[in-house]
Amino acid sequence: MRTLNTLLLGFALALSSAAYSTENDAVTQEWMHLIKADFPKGCVTQLTPYLSTTGANGVRTSAWLVQTCQGSYEYGASYRPAATRSNGKLISVSRGRKLNMPPAQLKRLYSL
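Residue numbers for the sequence shown, in mature numbering (1 follows the signal peptide of the UniProt record, and there is no 0): -21 to -1, 1 to 91.
Following this line, the structure appears as structure tokens:
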């Protein structure tokens, strides 16, 4: 039983490690660059991804909380490899709604 628990713990740690290792990959870096380009230089104070999905075909989507000098916003981001034969852009971001909430409420809502 102890071996099974150790194996399960190791598997869980490996999965969580893999989930966070994409933080500095090229797609994530490009998403961050595109989001920052929507605002004046130095205005973005924090970029926090709070939801992401990855398809077996390599399609990725992500939702971001963006805190700026102009307020807080939600952003959606997507990446579609050329092999998926999509007619859209390979990589894109789109601004969602402006969040008129105090920082404490944002922390609770987005688990920051």
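Idealized CB from N, CA, C, for every residue including glycine.
Query                                                                                                                                                                                                : Result
Provide the residue span of the alpha helix (DSSP H) that contains Leu85, from first to last.                                                                                                        : Pro82 to Tyr89
Please go through the same chain and pick out, in chain order, the residues whose beta-carbon is closer than 7 angstroms to the beta-carbon of Leu13, but skip the five residues on each side of it. : Val72
State buried or exposed for residue 98, treating a residue as buried only when at least 16 other CB atoms are found within 10 Å of its CB.                                                           : For residue 98 there is no data in the structure shown, the boundaries of the chain being -21 and 91.
Give me whichever residues DSSP pairs with Tyr54 in a beta bridge.                                                                                                                                   : Trp43 and Arg74
Using the rule of at least 16 other Cβ atoms within 10 Å of the residue's Cβ for burial, across every protein chain shown, is Thr47 buried or exposed?                                               : buried
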